[in-house]
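If you read the sequences in order, they're chains G and D. Using the working numbering, the final residue of the first sequence is 326, and nothing's skipped along the way. Using the working numbering, the final residue of the second sequence is 130, and nothing's skipped along the way. No residue lacks a Cβ here, since even glycine has one placed at the ideal position from N, Cα and C. Below: the structure, in structure tokens.
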Amino acid sequence: MKIAVLSGKGGTGKTLVSVNLAYSAENSSYIDCDVEEPNGFLYFKPKKNKTKKINVKMPFVDQEKCIGCRKCVNFCNFNALAYTGKRLLVFEDICHSCGGCTLVCPVGAISEKDKDIGKIEIGESGNVSVFTGILNIGEASGIPVIKGLMREVEKENKDINIIDCPPGSACIVMESINDADYCILVAEPSIFGAHNLEMVYELVTLFKKPLGVILNKYSEGINPSEIFCNENNINILGKIYYSEEIGNLNSEGNILAAEKEEYKKLFSSLLEKIVKEVE
Amino acid sequence: MKIALPIDEKDLNNEVSVSFGRAPYYAVYDTETKDVEYIENTAANAKGGAGIKAAQFVVDSGAKVLITPRCGENAADVVSSADIRMYKSEKVSAKENIEKFLEDRLSLLNDIHEGFHGKASN
Chain G
48 MKIAVLSGKG GTGKTLVSVN LAYSAENSSY IDCDVEEPNG FLYFKPKKNK
98 TKKINVKMPF VDQEKCIGCR KCVNFCNFNA LAYTGKRLLV FEDICHSCGG
148 CTLVCPVGAI SEKDKDIGKI EIGESGNVSV FTGILNIGEA SGIPVIKGLM
198 REVEKENKDI NIIDCPPGSA CIVMESINDA DYCILVAEPS IFGAHNLEMV
248 YELVTLFKKP LGVILNKYSE GINPSEIFCN ENNINILGKI YYSEEIGNLN
298 SEGNILAAEK EEYKKLFSSL LEKIVKEVE
Chain D
9 MKIALPIDEK DLNNEVSVSF GRAPYYAVYD TETKDVEYIE NTAANAKGGA
59 GIKAAQFVVD SGAKVLITPR CGENAADVVS SADIRMYKSE KVSAKENIEK
109 FLEDRLSLLN DIHEGFHGKA SN
């Protein structure tokens with residue numbers, strides 16, 4: 048079972064929820080898809096046992112063979128190629144690695160070479176397999192890293208797989224939730240939080256995934272995210288009350304459920320609820 | 009010799025377009041025949057790589073000089089590797105810019121910006 052944890056903005060508590068849910072399961076994986084700034088491993092402190100490089104294909108031009116016909120230039124939907132009268136130029140930042148240029152070239156002047164864009168680290172922490180995606184600084188798209196992560200997760204075949212998504216609702220989030228059986232939306236009690244909740248809610252609805260909301264940093268008083276849920280009949284899975292203790296434990300890299308019985312109960316019952324929803 | 013300029017309308021009495029890659033047209037002026045050709049920029053609304061495509065239009069037009077207010081890094085790579093010289097346009101009509109260039113009164117475009125091709129977006 049794959050459970051994705053999302054939010055429209057950073058800092059709402061995706062990692063807090065993901066880490067604690069994975070910890071609360073008996074046989075689970077924690078998958079950090081926030082490849083630009085992964086931090087779940089800071090809680091699990093896994094024993095690293097495997098690293099895999101992530102490569103993408105880039106066009107490689109044999110300038111001697113190129114006849115300047117511009118077929119590849121005209122074919123490329125992303126405008127990643129240009130012919131200057133003397134040379135064929137490739138813009139790697141713009142290339143989406145579709146390989147189309149190699150196919151349309153009539154003289155076989157374009158081949159493909161590997162470009163290293165990041166890596167995946169796999170480690171163990173108690174009963175949890177920890178998967179971390181890392182995108183090299185300056186790279187445009189983390190999607191190939193997410194795809195690589197999902198391939199590795201598939202091989203491990205754990206009962207519960209918790210996917211800690213990147214913030215927002217862009218392509219990289221779509222890739223992260225693509226195979227999910229259930230989506231948890233983590234929301235903050237502010238107008239901004241409710242707006243961001245609405246964005247991911249729309250996305251997850253578009254993907255026709257069953258979903259539920261966890262209201263984090265909950266306190267008495269007006270909660271725009273809670274109002275949004277009630278107005279749209281969205282299932283509220285649970286509330287995590289704002290507390291300085293949680294803030295402190297979390298900021299020191301502790302897993303709440305490992306520290307206190309009260310939190311262990313909270314996340315175990317959340318997990319139980321979600322598993323029931325999926326089944 | 010041919011001179012290319014990004015332009016908003018098919019009229020040399022207009023100012024040079026504020027954008028290179030996103031301009032709707034390129035005017036190509038031939039100093040020998042005094043003819044003007046207008047090339048439509050089909051990449052003006054492209055999601056990405058508009059500057060590269062625009063530069064390809066300029067290269068293909070046979071221009072040896074490009075007069076533009078600005079130019080992104082990628083487009084500049086294409087233009088310069090085709091040995092096209094770039095000059096900075098002034099806030100006067102395209103026609104006057106051409107005249108100024110012919111009188112050697114335009115300066116070379118040196119400040120190439122990094123481009124607006126959002127490296128973080130997908």
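Where does E222/G sit, in a helix, a strand or coil, going by DSSP?
-> On the first sequence, position 175 is the one that residue 222/G refers to. Looking at E222/G - three-state DSSP - the assignment turns out to be helix.
From the DSSP output, in three-state form, read off P106/G for me.
-> Looking up residue 106/G in the first sequence gives position 59. In the structure shown, P106/G sits in a strand (DSSP, three-state: E or B).
Applying a beta-carbon distance threshold of less than 7 Å, which residues of chain G neighbour D85/D?
-> Your numbering for residue 85/D matches position 77 in the second sequence. The CB of D85/D comes closer than 7 Å to the CB of L136 in chain G, given here in chain order.
Three-state secondary structure assigned by DSSP to I140/D = Residue 140/D lies beyond the residue range present for chain D, which begins at 9 and ends at 130; the question has no answer from this structure.
Is V26/D close to chain G, meaning its C-beta is less than 9 Å from at least one C-beta of that chain?
-> For the purposes of this step, residue 26/D is taken as the residue at position 18 of the second sequence. Cβ-Cβ to chain G under 9 Å: no for V26/D.
Where M94/D falls: helix, strand or coil (DSSP) = The sequence position of residue 94/D within the second sequence is 86, counting from 1. Three-state result, M94/D: strand.
Going by C-alpha distance, which of K56/G, K61/G, M246/G, D109/G is nearest I261/G?
-> Position 214 of the first sequence, counted from the first residue, corresponds to residue 261/G. Ranking K56/G, K61/G, M246/G, D109/G by Cα distance to I261/G puts K61/G first.
Report the residue ranges of all beta strand (DSSP E) runs contained in full by the stretch 210 to 291 of chain G; include only those spanning at least 3 residues, in chain order.
-> Counting only runs of 3 or more, we get 229 to 234, 258 to 265, 283 to 288.
How big is the Cα-Cα spacing for K328/G and N208/G?
-> This structure gives no information on residue 328/G, because the portion of chain G shown stretches from 48 to 326.
Does E126/G come within less than 9 Å of chain D when only Cβ atoms are used?
-> Counted from its first residue, the first sequence places residue 126/G at position 79. One point to set straight first is that residue 126/G is Asn, not Glu, in the sequence displayed. At a cut-off of 9 Å, the C-beta of N126/G has a neighbouring C-beta in chain D.
For T131/G and chain D, any beta-carbon pair shorter than 9 Å?
-> The sequence position of residue 131/G within the first sequence is 84, counting from 1. Judged by the 9 Å Cβ criterion, T131/G is in contact with chain D.
Ignore the nearest five residues each way along the sequence and tell me which others in F275/G's own chain have a CB closer than 7 Å to its CB.
-> Here residue 275/G refers to the residue found at position 228 of the first sequence. Cβ neighbours of F275/G beyond the five flanking positions: A241, L244, E245.
State buried or exposed for P153/G, treating a residue as buried only when at least 16 other CB atoms are found within 10 Å of its CB.
-> Here residue 153/G refers to the residue found at position 106 when the first sequence is read from its first residue. Looking at its Cβ environment, which holds fewer than 16 other Cβ atoms inside 10 Å, P153/G is exposed.
K99/G bridges to which residues according to DSSP?
-> Position 52 of the first sequence, counted from the start, is the residue given in the question as residue 99/G. Looking at the DSSP assignment, K99/G forms a beta bridge with I167/G.
Best match in A51/D, D91/D, D38/D, G80/D for proximity to I106/D [C-alpha to C-alpha] = Here residue 106/D refers to the residue found at position 98 when the second sequence is read from its first residue. Cα-wise, what sits closest to I106/D is D38/D.
Give the residues of chain G in contact with A90/D, contact being defined as C-beta atoms less than 8 Å apart.
-> Indexing the second sequence from 1 puts residue 90/D at position 82. What A90/D touches in chain G: T131, G132, K133.
Three-state secondary structure (DSSP) at S6/G?
-> This structure leaves residue 6/G out entirely; chain G is present only between 48 and 326.
Go through its chain and collect everything with a Cβ distance to E306/G's Cβ below 7 Å, but skip five positions before and after it.
-> On the first sequence, position 259 is the one that residue 306/G refers to. These residues qualify, in order along the chain: L296.
Residues of the stretch 139 to 154 of chain G whose Cβ lies closer than 8 Å to any Cβ of chain D, in chain order | Within the stretch 139 to 154 of chain G, the residues whose Cβ lies closer than 8 Å to some Cβ of chain D are D140, I141, listed in chain order.
Following the continuous beta strand (DSSP E) through T181/G, name the residue where it begins and the one where it ends.
-> In the first sequence, the residue the question calls residue 181/G occupies position 134. Note that residue 181/G is Ile in the sequence shown, not Thr. Start and end: 175 to 182.
Please list, in chain order, all residues of the same chain as L136/G whose beta carbon is under 8 Å from its beta carbon, the five residues on each side excluded.
-> Looking up residue 136/G in the first sequence gives position 89. Take L136/G, set aside five residues on each side of it, and the residues of its chain with a beta-carbon closer than 8 Å to its own are L128, A129, Y130, in chain order.
Are the C-beta atoms of V192/G and some chain D residue less than 9 Å apart?
-> In the first sequence, the residue the question calls residue 192/G occupies position 145. No, its Cβ sits nowhere closer than 9 Å to a Cβ of chain D.
Using Cβ-Cβ distances below 7 Å, what residues of the stretch 103 to 123 of chain G are close to chain D?
-> Listed by position, the residues of the stretch 103 to 123 of chain G near chain D (Cβ gap below 7 Å) are V120.
What residue does the beta strand (DSSP E) around D81/G start on, and which one ends it?
-> Translated into the one-based positions of the first sequence, residue 81/G becomes position 34. For D81/G, no beta strand (DSSP E) run applies, since DSSP gives it neither H nor E.
Take the Cβ of I169/G as the centre, count every other Cβ of all protein chains shown within 10 Å, and call the residue buried at 16 or more, exposed below.
-> The residue given as residue 169/G occupies position 122 in the first sequence. Buried: at least 16 other Cβ atoms inside 10 Å.
Drop a sphere of 10 angstroms on the beta-carbon of D85/D, count the other beta-carbons inside from all chains shown, and report buried for 16 or more, exposed for fewer.
-> Translated into the one-based positions of the second sequence, residue 85/D becomes position 77. The residue in question, D85/D, is buried, as its Cβ has 16 or more Cβ neighbours within 10 Å.
K61/D CB to nearest chain G CB: under 9 Å?
-> Along the second sequence, one-based indexing puts residue 61/D at 53. K61/D has a beta carbon lying within less than 9 Å of a beta carbon in chain G.
Tell me whether T76/D sits in a helix, a strand or coil according to DSSP, three-state version.
-> Numbered from 1 along the second sequence, position 68 holds the residue referred to as residue 76/D. For T76/D, the secondary structure class from DSSP, reduced to helix, strand or coil, is strand.
Proximity to E319/G [Cα-Cα], best of E291/G, C145/G, E299/G, L284/G | Counting from 1 along the first sequence, the entry for residue 319/G is found at position 272. It is L284/G whose Cα lies nearest to the Cα of E319/G.
Looking at C-beta atoms only, is the number of pairs between the stretch 148 to 168 of chain G and the stretch 106 to 120 of chain D that lie closer than 8 Å three or more?
-> The stretch 148 to 168 of chain G vs the stretch 106 to 120 of chain D: no contact.
Would you say A31/D reaches chain G, if we count a Cβ-Cβ gap shorter than 9 Å as a contact?
-> Looking up residue 31/D in the second sequence gives position 23. Interface with chain G (9 Å Cβ-Cβ cutoff): A31/D is excluded.
Closer than 7 Å at the beta carbon, the chain G residues around N82/D = In the second sequence, the residue the question calls residue 82/D occupies position 74. For N82/D, the chain G residues whose Cβ falls inside 7 Å of its Cβ are F138, in order along the chain.
Buried or exposed: P14/D, going by 16 or more other Cβ atoms within 10 Å of its Cβ?
-> For the purposes of this step, residue 14/D is taken as residue 6 along the second sequence, with counting starting at 1. A residue is called buried once 16 or more other Cβ atoms fall within 10 Å of its Cβ, and P14/D is buried on that count.
So, are the CB atoms of C80/G and L196/G less than 9 Å apart?
-> Sequence index remark: in the first sequence, residue 80/G carries index 33 (1-based). Sequence index remark: in the first sequence, residue 196/G carries index 149 (1-based). In contact: C80/G and L196/G (Cβ atoms closer than 9 Å).
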